[in-house]
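K.L.:
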Ligand SMILES: [Zn+2]
């Protein structure tokens, strides 16, 4: 895997700051609010993920104009944040995403783990979710959770940082792709426990419709 060049690192940090500054009052802000990720009670908790809105794209980011920006934050030795990559989600109403993905990665970028900052909090339990929004949602529910960029984006090397935990909660959607995702992870991680969502639901929709305690209740 190619190392991030200093120029790429700087550009990703600049993009994160610019898009995060454009979030307030944007369509991305509204999208997150509908997912229970903004509003007075959760705004401060969500802010640390530095989500953003691509109002004014950096050079090369023109295809992502109008999208939600999701930075993959890491931390540096001096305690600052840095950005390993960024993904984008289309927010256009009624869009069928025919000439682009609903979620888009930067060209040539391999799947990476989202929210790896959750890995350093404890060595007892960790969650893994199928997408970034579900990882954020579960983390806000008090379960430090990393995300993979989609059910089919699991890579075997992702297992290494997860093997040291007493328990890995594999949170998966209540659909076929989600069950296959869980099946694969349970086969690769001896410490994994599957946490299925109700039919047709994901972590975020469960928490939005039934509250944070509903997620914990499924983890047994
Ligand atoms: Zn679209």
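In full-length UniProt numbering, the protein residues as written are 1 to 220.
Glycine included, each C-beta is placed from N, C-alpha and C at the ideal position.
Please read all numbers here as calculations on a predicted model, not as lab measurements.
1. Residue range of the alpha helix (DSSP H) that residue 31 falls in?
2. Identify whether residue 165 lies in helix, strand or coil by the three-state DSSP scheme.
3. Excluding the five sequence neighbours on either side, which residues of its own chain have a C-beta within less than 6 Å of the C-beta of residue 32, listed in chain order?
4. By DSSP, does residue 261 sit in helix, in strand, or in coil?
5. Between the alpha carbons of residue 213 and residue 139, how many angstroms are there, rounded?
6. If we count the other Cβ atoms within 10 Å of its Cβ and call it buried at 16 or more, is residue 25 buried or exposed?
7. Any idea which residues DSSP pairs residue 88 with across the strands?
8. Check whether the Cβ atoms of residue 13 and residue 105 lie closer than 8 Å to each other.
9. Is it buried or exposed, residue 202, if we count other Cβ atoms within 10 angstroms and call 16 or more buried?
10. Quick one: grab the DSSP three-state call for residue 18.
11. Under 8 Å between the Cβ atoms of residue 9 and residue 72?
P.N.:
Reading off the structure:
1. 27 to 34
2. coil
3. 38
4. Any property of residue 261 remains undetermined from this structure, which presents the chain solely from 1 to 220.
5. 13 Å
6. exposed
7. 69, 104
8. no
9. buried
10. helix
11. no
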